[in-house]
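Under my numbering, think of the first position of the sequence shown as 396, with each following residue one higher. A virtual CB, placed ideally from N, CA and C, is assigned to each residue, including glycine. Some notes on the structure that comes next.
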Amino acid sequence: MAKRAKVKSVANAEIRAAKKFLKSKGLESDEVSPRKFAAAAKKLDKGFQETLEILARTLSAGQV
Numbered sequence: 396m397a398k399r400a401k402v403k404s405v406a407n408a409e410i411r412a413a414k415k416f417l418k419s420k421g422l423e424s425d426e427v428s429p430r431k432f433a434a435a436a437k438k439l440d441k442g443f444q445e446t447l448e449i450l451a452r453t454l455s456a457g458q459v
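Have a look at this one:
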């Protein structure tokens, strides 16, 4: 039996909320996966807005 990586499960409600949040910010699900975004927020123990700011800062090498 193959070992699976330990991944915190993300509830469907969290995924829907992430999708709604991302859409309100003008991002579509083909640009940012709501499931991965919700999982990142959960892992960081941050809200969606703060997670988006961290992601933007990281991707822009601190220029945001």
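CB contact flag (residue i, residue j, <7 Å)
i, j, result
"A436", "F443", "yes"
"P485", "K441", "The requested residue 485 does not occur in the structure, where the chain is confined to residues 396 to 459."
Residue i versus residue j: straight-line alpha-carbon distance, rounded
i, j, result
"F432", "S455", "17 Å"
"L439", "K420", "20 Å"
"A406", "A434", "9 Å"
"E445", "F416", "12 Å"
"E409", "T453", "23 Å"
"R411", "K418", "11 Å"
Classification of residue i by the beta-carbon crowding that lies within 10 angstroms, buried from 16 upward
i, result
"M396", "For M396, the pLDDT reaches just 48, beneath the cut-off of 50, and the residue's location in the model is therefore unreliable, although a value from the coordinates is still provided. M396 is exposed by the Cβ-count criterion."
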